[in-house]
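Participant:
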Amino acid sequence: MRDRDTRQLALMLAPFLLGLTVLIGVPAVVTFGLALTEYDLIRSPRFVGLDNFRELWDDEVFRISIRNSLMFMAFAVPLRLAGALALGLLLHRRFRGAGSARTSVYLPSVVPDVAYALLWLWIFNPLYGPLNLVLDALGGPTPQWMTDPRAAQWAIIVMSLFVIGEGFLVVLATRQSLPGELYELAALESAKPWYVFGRVTLPLIAPTLLLLLFRDTIFSFQATFVPALIVTEGGPPPYATTYLPVFAYANAFEYLRYGYAAAATLVMFVVTAAIVYVQYRIVRRWRHAFVV
Amino acid sequence: MAGLVYAAVRKDYGDVAALRGLELDVADGELLVFVGPSGSGKSTALRLAAGLEEVTAGTVHIGTRDVTRLAPAERNVSMVFQSYALFPHLTVGENIGFGLRARGVPRGDTVRAVEDAARIVGCDALLGRKPHELSGGERQRVALARALARRPDVFLLDEPLSNLDAQLRVDTRAELKRLHATLGTTMVHVTHDQLEALTLGTRVAVIDAGVLQQVGTPAEIYERPSNRFVARFVGSPPMNMLPAALEDGFLRAGPFAFDPEVLRLGSRAAVEIGIRPEHVAVVRSGDGVSAIVDVVEDAGSETFAHVRASGTRLVARVSPGLALEPGATVRIHIAARNLYIFERETGVALGGIRR
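So the sequence lines, in the order shown, correspond to chains S and L.
Just so we're aligned: 250 in my numbering is position 231 of the first sequence, and the numbers increase by one with no gaps anywhere.
Just so we're aligned: 228 in my numbering is position 194 of the second sequence, and the numbers increase by one with no gaps anywhere.
1) Starting from Lys76(L) and walking both ways along the alpha helix (DSSP H), at which residues does that stretch end?
2) I'd like to know whether the C-beta of Pro106(L) is nearer than 8 Å to at least one C-beta of chain S.
3) Let me check one thing: in DSSP terms, what residues is Val327(L) bridge-paired to?
4) Which one of Gly127(L), Lys164(L), Arg137(L), Ile375(L) has the shortest CA to CA distance from Val145(L)?
5) Kindly list, in the order they appear in chain S, the residues whose Cβ is closer than 7 Å to that of Gly133(L).
6) Give me the Cα-Cα distance between Gly20(L) and Ala265(L), rounded to the nearest whole angstrom.
7) For Pro311(L) versus Ala350(L), is the C-beta distance shorter than 8 Å?
8) What residues in its chain sit with their C-beta under 7 Å from that of Leu91(L), if we drop five residues either side in the sequence?
9) Would you say Leu100(S) faces chain L, with C-beta separation under 8 Å as the test?
10) When the Cα atoms are used, what is the spatial distance from Thr313(S) to Phe91(S)?
11) Drop a sphere of 10 angstroms on the beta-carbon of Arg388(L), count the other beta-carbons inside from all chains shown, and report buried for 16 or more, exposed for fewer.
12) My output table needs one value for Leu217(L): the three-state DSSP class, helix, strand or coil.
13) Just the Cα atoms here: how many angstroms apart are Glu230(L) and Arg207(L)?
14) Hey, could you find the ends of the alpha helix (DSSP H) Gln247(L) is sitting in?
15) Any idea if Val310(S) is buried or exposed, counting beta-carbon neighbours within 10 angstroms, 16 or more meaning buried?
16) Within this structure, are the beta carbons of Val133(S) and Ile224(S) separated by less than 8 Å?
17) Kindly indicate which three-state DSSP category Arg388(L) falls into: helix, strand or coil?
18) Between the C-alpha atoms of Asn261(L) and Pro252(L), what's the straight-line distance to the nearest angstrom?
19) Please state the DSSP three-state secondary structure of Asn87(S).
20) Are the CB atoms of Ser324(L) and His226(L) nearer to each other than 8 Å?
21) Name, in chain order, the residues that DSSP records as bridge partners for Arg237(L).
22) Give the single residue among Val317(L), Asp328(L), Ala304(L), Leu134(L) whose Cα lies nearest to the Cα of Thr380(L).
23) Taking only beta-carbon positions, decide if Pro212(S) is within less than 8 Å of chain L.
24) Indicate the three-state DSSP secondary structure (helix, strand or coil) for Lys211(L) in the structure shown.
25) Does DSSP classify Val60(L) as helix, strand or coil?
26) For Leu108(S), which of helix, strand or coil comes out of DSSP?
27) Give the straight-line distance between the Cα atoms of Thr50(S) and Val265(S), rounded to the nearest whole angstrom.
28) Assign Ile43(S) to one of two classes, buried (16 or more other C-beta atoms within 10 Å of its C-beta) or exposed (fewer than that).
29) Under 8 Å between the Cβ atoms of Phe376(L) and Ala383(L)?
30) In this structure, what does DSSP give as the bridge partners for Leu285(L)?
31) Looking at Ala278(L): is its Cβ nearer than 8 Å to the Cβ of Glu295(L)?
32) Taking the alpha helix (DSSP H) that Val176(L) falls in, what are its first and last residues?
33) Since Val222(L) sits in a beta bridge, which residues does DSSP pair it with?
34) Looking at Leu110(S) and Ala103(S), is the spacing between their C-beta atoms short of 8 Å?
35) Any beta carbon from chain S within less than 8 Å of Met113(L)'s own beta carbon?
36) Please classify Pro259(L) as buried or exposed, where buried requires at least 16 neighbouring CB atoms within 10 angstroms.
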């Protein structure tokens with residue numbers, strides 16, 4: 020009986036494990052290897068030791084792309100988290116139109132990346148794009164989204180703020196799983212909404228928020244890739260929206276420097292891991308407050 | 035402190051009526067117990083008093099205040115939930131002081147009130163712990179302490195004992211009664227356990243299908259049930275019910291015959307008689323109707339025998355000294371003065387001897 024259980028389990032896990040190995044495991048190992056070589060797809064790879072990393076260290080563009088990626092992370096991650104939290108708490112109640120409201124929050128997350136980017140390309144158009152038309156009508160500033168470096172960086176952040184469907188759903192589900200009696204009790208004890216939020220809701224969904232924080236941090240490096248490639252094309256000049264994945268992409272597929280691109284990817288991996296580790300350390304200090 | 039008055043309170047959930055015109059006056063300082071099967075509307079009655087649900091019609095007064103349209107916070111009532119509803123991330127002390135802090139009571143006063151409340155229910159040694167470190171009984175105490183820290187006008191207790199194991203439930207029941215005696219605050223307690231209702235309440239309100247069946251002291255409820263539902267619901271094992279009819283000058287129910295004069299039956303013929311198990315006298319031999327023992331339940335201090343007398347089944351409380359065995363033949367005697375009589379159609383109790 021136990022043997023059969025194990026076999027059944029293995030069988031069910033097999034497709035996932037196979038995919039994980041072929042699509043993630045093997046390429047990761049290859050990337051590790053490639054990072055130590057010079058490889059242009061034509062000649063066979065040539066071992067160069069740590070030369071790629073030395074070159075990265077001196078590469079002005081690489082440094083810019085790291086800075087861009089970190090800046091994106093610093094703004095996009097907290098804003099996305101706050102957005103998912105606010106919408107999740109706002110829409111967890113039942114009311115007329117709650118279903119459609121929830122759907123519309125999630126909807127942008129199911130639009131394919133490229134289609135989504137093309138849509139924003141139109142929205143951001145400084146001449147006929149709806150965003151600047153609205154801003155103009157309201158008497159606000161009308162940034163040159165595609166040509167002003169600062170505005171272009173904000174454009175990428177703004178784009179990322181509307182694809183928070185997963186985070187929203189997770190917050191929604193967590194909030195709905197909290198016992199109703201806790202809130203009834205708070206109502207009987209005349210706790211004001213902000214008091215309930217700070218003293219009850221936030222601490223109780225904090226574990227979920229932390230999970231989302233880690234996840235979003237990891238994804239934030241990759242999230243910039245398609246928008247930066249399609250909407251801003253790494254520009255405006257010189258390298259305002261050249262993020263780490265764009266840098267790696269350009270080196271691999273435009274300059275055919277696979278070894279160099281692999282080294283950049285490896286640095287991206289290490290930076291992500293380091294940031295998540297630091298977050299984890301900070302969180303662990305005050306985590307005891309939230310243990311349920 | 036204040037009493038609680040329900041006047042023609044009705045609560046509908048869509049097409050379903052949860053409470054149909056509840057009229058009830060809970061006196062100041064009373065411990066009233068709502069008892070009924072699940073879905074009877076007893077919890078709804080409590081939640082309407084708390085303001086967690088809105089009445090469909092009627093009014094609720096606490097003391098002299100009409101609280102019908104007031105928010106829960108404005109009613110000055112405390113509630114203990116079946117699940118205890120302790121905040122898992124707060125310590126026991128913070129849980130007890132939650133309501134005071136939420137109301138902006140200064141920290142020093144809160145600490146004093148928390149310590150007082152904790153001492154009263156005997157959980158003052160637990161103040162620094164988290165709920166997950168407590169046993170079920172300890173959590174229950176903390177929930178009680180939180181309810182009384184604020185000194186409310188009325189305590190509302192929604193099945194607070196039903197998550198405790200049997201022994202603890204009995205102990206806590208007694209403590210709750212003592213707590214009520216100490217505080218003298220009005221308490222409304224909801225339970226589905228008739229024994230808990232009888233032992234705890236100064237008065238008991240039996241409720242079924244959204245209708246208040248009877249209100250009275252535990253003795254009144256037990257000895258003079260106003261209808262068949264109350265008679266069957268209160269008491270364990272439940273009252274034996276037998277259809278009965280007038281025949282050749284006797285009220286006959288299965289093999290049993292009673293003198294209708296003694297019962298003051300009047301003209302009503304279609305009735306049902308009820309006999310509590312302790313009123314079914316079982317002897318080895320002698321007078322009475324012959325019966326066969328089916329099952330014997332020995333509960334230590336009490337023994338119950340399920341018997342069959344020519345097709346009529348009865349449960350009897352027998353003396354343990356009788357040493358009955360299944361299959362044994364016994365004699366049964368039922369005294370007419372112990373009969374409860376109900377109209378067969380409506381279930382309403384008729385003026386039997388006991389009324």
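Note that the Cβ used here is the ideal one computed from N, Cα and C, for glycine as well.
If you're wondering where the values come from, they're calculated on a predicted model, not measured in any experiment.
Facilitator: So, to answer that:
1) Boundaries of the alpha helix (DSSP H) around Lys76(L): 76 to 84.
2) Yes - at least one Cβ of chain S is within 8 Å of the one on Pro106(L).
3) By DSSP's assignment, Val327(L) forms a beta bridge with Val341(L).
4) Among Gly127(L), Lys164(L), Arg137(L), Ile375(L), the Cα nearest to that of Val145(L) belongs to Gly127(L).
5) Simply Glu208.
6) Past the edges of chain L, shown from 35 to 389, lies residue 20(L), and the structure says nothing about it.
7) Their beta carbons are under 8 Å apart, which means Pro311(L) touches Ala350(L) by this criterion.
8) In the sequence as presented, Leu is not what sits at residue 91(L); that position holds Ala. Contacts found: Ala42, Arg44.
9) No, Leu100(S) does not count as interfacial toward chain L.
10) Residue 313(S) falls outside the range modelled here, since chain S spans only 20 to 311, and no answer is possible.
11) Bear in mind that the predicted position of Arg388(L) carries a pLDDT of just 48, short of 50, making it too unreliable to give a figure here.
12) Note: Leu217(L) maps to helix in three-state DSSP.
13) Each residue's Cα considered, the two are about 7 Å apart.
14) In this chain, Gln247(L) is not harboured by any alpha helix (DSSP H); it is covered by the beta strand (DSSP E) spanning 245 to 250.
15) Only weak support is given to the placement of Val310(S): the predicted model assigns it a pLDDT of 48, under 50, and the value that follows is read from those uncertain coordinates. Exposed, since its Cβ has fewer than 16 Cβ neighbours within 10 Å.
16) Going by C-beta atoms, Val133(S) is not nearer than 8 Å to Ile224(S).
17) Reliability of the predicted coordinates at Arg388(L) is poor, the pLDDT of 48 falling under 50, and no value is obtained from them.
18) For Asn261(L) and Pro252(L), the distance between alpha carbons rounds to 15 Å.
19) The three-state reading of DSSP puts Asn87(S) in helix, counting H, G and I together.
20) Contact check for Ser324(L) against His226(L) fails: the beta carbons are separated by 8 Å or more.
21) DSSP, once it has assigned bridges, lists Leu66(L) as partnering Arg237(L).
22) For the residues Val317(L), Asp328(L), Ala304(L), Leu134(L), the minimum Cα distance to Thr380(L) belongs to Ala304(L).
23) No, Pro212(S) lies away from the interface with chain L (no Cβ there is under 8 Å from its Cβ).
24) If DSSP states are grouped into helix, strand and coil, Lys211(L) belongs with the helices.
25) Residue state, collapsed to three classes: strand.
26) Looking at Leu108(S) - three-state DSSP - the assignment turns out to be helix.
27) In this structure, the alpha-carbon of Thr50(S) lies about 16 Å from that of Val265(S).
28) With fewer than 16 other Cβ atoms within 10 Å, it is exposed.
29) Yes, these two residues count as a Cβ contact at 8 Å.
30) Note: Leu285(L) sits in a beta bridge opposite Leu280(L), Phe292(L).
31) Their beta carbons are not under 8 Å apart, which means Ala278(L) does not touch Glu295(L) by this criterion.
32) That run of the alpha helix (DSSP H) goes 170 to 183.
33) Residue pairing by DSSP places Val222(L) opposite Leu66(L), Leu190(L) in a beta bridge.
34) Their beta carbons are not under 8 Å apart, which means Ala103(S) does not touch Leu110(S) by this criterion.
35) Output row for Met113(L): interface = yes.
36) Under this definition Pro259(L) is a buried residue.
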